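Here is the structure we will look at, set down as structure tokens.
In our numbering, the protein residues as written are 334 to 377.
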């Protein structure tokens, strides 16, 4: 995934972090899924 994002953005500063969401209501009971994304962009 990191390689694909780096190729698509032409940027060498890509970081990916994953964690579990155990014990969080429907998600913890395996009745749903969760996804989060955060992007910081700086103009050159």
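Glycine included, each C-beta is placed from N, C-alpha and C at the ideal position. Remember, predicted model here, so these are calculated numbers, not experimental data.
- Closest in C-alpha terms to residue 351, from the list 344, 368, 375, 372, comes 368.
- The DSSP-derived three-state label of residue 366 is coil.
- In this structure, residue 363 lies away from residue 347, with their beta-carbon atoms at least 8 Å apart.
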